[in-house]
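Everything on this sheet refers to the single structure shown next.
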Amino acid sequence: MSSHVITPGPYRATKLWNEMTRLFRAGMPVKKHRQNFRHHAACFTASAAVDWMHQLLRSNNNFGPDVTRQQTVQLLKKFLKNHVIEDVKGRWGTEDLEDNNTLYRFPSTSPLKPIPCPASAPGSIKKRPSFRDKESFFRFRSIKKQLENETQENVDPALQAGGENEPIGEQQVPRRELTVDDEQEIWRDITLTHLQRILGVGSLDEVLDQRYVNPQNIIHNMTKVNKHGVVTLDDKTNDLPHWVLSAMKSLANWPKYDSAQPSYPGFERDVFKTVSDYFYSLPQPVLTYELYELFINVLGLLQPQCERVAIEALQLCTLLLPPSCRRKLQLLMRMMSRISQNVDMPRLHPAIGTRTLMVHTFSGCVLGSAEECDLDELLATRLVSFLMDHQHSILSVPEYLLSAINDHIQYLRTVQVPIDGVSKVDGGNPVCLPMPMYAFCRQISGAEFEQQKLASSQKAMEELLEMLLTDQNMSEKDRRKKLKQFQKQYPDIYSRRLPSSDGTNNKPKIKPPLLNIKKTKAFSIRN
């Protein structure tokens, strides 16, 4: 059966549920069966349904070959609970399903779940204004290079060497000061813009509630790591307990464990159960409830031809985790990977292979939704399997991103921008005022430079006021509001252009100033 591609977007888990329901109803073979001396038309046995659905799930890219028969039985039980199927007597909901010859059929009513409208979804938030569009983001490098070239062209080559003839203007132009909040915003915006590009969504608001994105987590996860690449914690009380770390280390290094620990047949199984019990005792999954929808959407990238893209997307998603959660995920995935590859490790389960046991044991404590989701178990298995196989790449610090952020912050710290050179006048969007380029043919005095600087700043403000007066795309209400703001901040310029009838400057009633320096919006320098 062909499956539609479920692209990233809101309510992806519900869409996947409807897709599997559609495929099952359309493809499951039905025929006449006899039971208890009665014939039942268009029905099927539970075992036949398990066989057919198990094969479908294993061949479906959304779930993969790690799906077990028992998981398939669990999914069919949810089908029965949600009236996707019913027994031949019409019973469903409270009934149970086993892997046997009990007969079931499809009801006449549609079992598809409605998909809520994103605009009316509870907890939905408005899209925050930002400069995260791809065109602006990836244009930063070329703009920076162009500005540098123009500066070089407008400076006398004889003066570029500095020293005695270094232009005073280059020394005295006030520099743009970056606050801690500014830098955190840069870390946040560049990371999210990269993630939006990889997911291919018009807005991350479709898959992520950005109220839960803390830039301090991103900074910590990328800068505070040990020599092995594992996050270190400032507050050790949030770390794994010592006895859990000891148990995980014993399993990861088996059989080279601490000789002081007891050794008896089945000891490794008890240690393994101790670790799993601890992770299931955590108040929420390691990937957190807040990021559940985001990771569900990344699952759509787990295709053979998109492996590199999926790794990059998961790299960025895991940076959004609280540092304590990222550290737990790193240590858990490393332990699982080493146990799965250890040929000396005794079988931890008599009927299940070691790798399969790792995936199915820990999938439930890694990914899960706050409210029970019908496909949680299958989706978590798929994600944990990929995380374990690619844990070294996914849970390492993306150097390209770290370099892009540091280069951008460094550039903004050193670039010469007048204090009044950037204003926010239109719904929070920055309006960059043109900066005149000077060709220094002679050394000028400090007084002359200050006079030129004041004249250029005054001219820029006059141009801004003229733009506010003549902009045809601005509503009259917004125009009046912004003119009042301008009058409050620059009364002299305002009075020269719009003198009042009585010769005095009317004090505007609005208090917030217009041209305070706001947070610098982030642009990437990596294409």
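Residue numbers for the sequence shown follow full-length UniProt numbering, so the first one is 1 and each next one is one higher.
Built from N, CA and C at the ideal position, the CB exists for glycine as well.
How close, in whole Å, do the beta carbons of I6 and G300 come, if the pair is a contact with beta carbons under 8 Å?
Stepping through the sequence shown from its first residue, residue 6 is reached at position 6. Stepping through the sequence shown from its first residue, residue 300 is reached at position 300. Contact between I6 and G300 holds, since their C-beta atoms are separated by about 6 Å, short of 8 Å.
In this structure, how does DSSP classify K32 when only helix, strand and coil are distinguished?
Residue numbering aside, residue 32 sits at position 32 when the sequence shown is read from its first letter. In the structure shown, K32 sits in a strand (DSSP, three-state: E or B).
Cβ-based burial, D374 [other Cβ within 10 Å; buried from 16]:
Counting from one through the sequence shown, the residue named residue 374 turns up at place 374. Here D374 is buried, its C-beta having at least 16 other C-beta atoms within 10 Å.
Which same chain residues end up closer than 7 Å to D376 when comparing Cβ atoms and leaving out the 5 residues on each side of it in sequence?
Stepping through the sequence shown from its first residue, residue 376 is reached at position 376. In chain order, G368, S369 place their CB closer than 7 Å to the CB of D376, counting only its own chain and leaving out the 5 sequence neighbours on each side.
Just list the alpha helix (DSSP H) runs in the segment 204-292, keeping only unbroken ones of 4 residues or longer that don't cross its boundaries, in chain order.
Given a length threshold of 4 residues, each whole run of the alpha helix (DSSP H) inside the segment 204-292 is given here in chain order: 215-223, 242-252, 267-280.
Using a Cβ distance threshold of 8 Å, determine whether the segment 392-407 contacts the segment 38-51, with at least three qualifying pairs required.
Judged by Cβ distances under 8 Å, the segment 392-407 makes no contact with the segment 38-51, as fewer than three pairs qualify.
Leaving aside the five residues before and after D239 along the sequence, list all residues of the same chain whose C-beta is less than 6 Å from its C-beta, in chain order.
On the sequence shown, position 239 is the one that residue 239 refers to. Short of 6 Å from the beta carbon of D239, and not among the five residues preceding or following it, lie these beta carbons of its own chain, in chain order: L233.
For H392, count neighbouring C-beta atoms within 10 Å of its own C-beta (all shown protein chains included) and say buried if the count is 16 or more, exposed if not.
The count along the sequence shown starts at 1 and reaches residue 392 at position 392. H392 is exposed by the Cβ-count criterion.
Can you give me the C-alpha to C-alpha distance between E185 and E177, rounded to a whole angstrom?
As a working mapping, residue 185 is identified with position 185 in the sequence shown. As a working mapping, residue 177 is identified with position 177 in the sequence shown. Straight through space, the alpha carbons of E177 and E185 are spaced by roughly 14 Å.
Using the three-state DSSP reduction, which class does A351 fall into: helix, strand or coil?
Translated into positions along the sequence shown, residue 351 becomes position 351. Three-state DSSP puts A351 in coil, outside helix and strand.
DSSP state of D87 mapped onto helix, strand, coil:
Within the sequence shown, numbered from 1, the residue matching residue 87 stands at position 87. D87 falls in the strand class under three-state DSSP.
Could you give the first and the last residue of the continuous beta strand (DSSP E) run that contains C43?
Start at 1 with the first residue of the sequence shown, and residue 43 comes out as number 43. For C43, the uninterrupted beta strand (DSSP E) run begins and ends at 38-45, by DSSP.
Where do the N-terminal and C-terminal ends of the beta strand (DSSP E) with L103 fall, by residue?
In the sequence shown, counting from the first residue as 1, residue 103 sits at position 103. That run of the beta strand (DSSP E) goes 103-105.
Among V30, V213, K328, Q210, which one has its Cα closest to the Cα of Y278?
The residue you call residue 278 lines up with position 278 of the sequence shown. Nearest C-alpha to Y278: K328.
Nonlocal neighbours in the same chain, by C-beta distance under 6 Å from K224, ignoring five residues either side:
For the purposes of this step, residue 224 is taken as residue 224 along the sequence shown, with counting starting at 1. T232, listed in sequence order.
Check whether the Cβ atoms of F386 and A310 sit closer than 8 Å, and answer yes or no.
Position 386 of the sequence shown holds residue 386. Position 310 of the sequence shown holds residue 310. If you check the CB distance, F386 and A310 come in under 8 Å.
Inter-residue spacing [alpha-carbon to alpha-carbon] between D471 and K481
Working through the sequence shown from its first residue, we reach residue 471 at position 471. Working through the sequence shown from its first residue, we reach residue 481 at position 481. Taking the straight line joining both Cα atoms gives about 14 Å.
Threshold first: 4 residues or longer. Then list the alpha helix (DSSP H) segments lying entirely within the segment 344-392, N to C.
As far as the segment 344-392 is concerned, its whole alpha helix (DSSP H) runs of at least 4 residues are 354-366, 376-389.
Contact between the segment 27-41 and the segment 340-354 (3+ Cβ pairs under 8 Å):
No, the segment 27-41 is not in contact with the segment 340-354.
Once you ignore the five residues that flank R128 on each side, which residues in its own chain have a CB closer than 6 Å to its CB?
As a first step, residue 128 must be located in the sequence shown, where it is residue number 128. Note that R128 scores a pLDDT of 39, beneath 50, so its modelled location is shaky and nothing firm can be said.
Answer yes if the segment 237-255 comes into contact with the segment 189-207, meaning at least three C-beta pairs across the two stretches below 8 Å, and no otherwise.
No, the segment 189-207 does not touch the segment 237-255.
M20 versus S110: straight-line alpha-carbon distance, rounded
The count along the sequence shown starts at 1 and reaches residue 20 at position 20. The count along the sequence shown starts at 1 and reaches residue 110 at position 110. Their Cα atoms are separated by approximately 13 Å.
Using alpha carbons as the reference points, say which of A380, T72, L357 lies closest to S276.
Indexing the sequence shown from 1 puts residue 276 at position 276. Of A380, T72, L357, the residue nearest in Cα terms is L357.
Can you give me the C-alpha to C-alpha distance between H54 and W243, rounded to a whole angstrom?
Here residue 54 corresponds to residue number 54 of the sequence shown, with the count starting at 1. Here residue 243 corresponds to residue number 243 of the sequence shown, with the count starting at 1. For the pair H54 and W243, the Cα-to-Cα distance works out to about 39 Å.
Close Cβ partners of D66 (< 6 Å) along its chain, the five nearest in sequence each way excluded:
As a position in the sequence shown, residue 66 is number 66, starting the count at 1. The answer, listed in chain order, is V359, T381, S385.
Taking the alpha helix (DSSP H) that V180 falls in, what are its first and last residues?
Numbered from its first residue, the sequence shown carries residue 180 at position 180. Per DSSP, the unbroken alpha helix (DSSP H) holding V180 starts and ends at 180-199.
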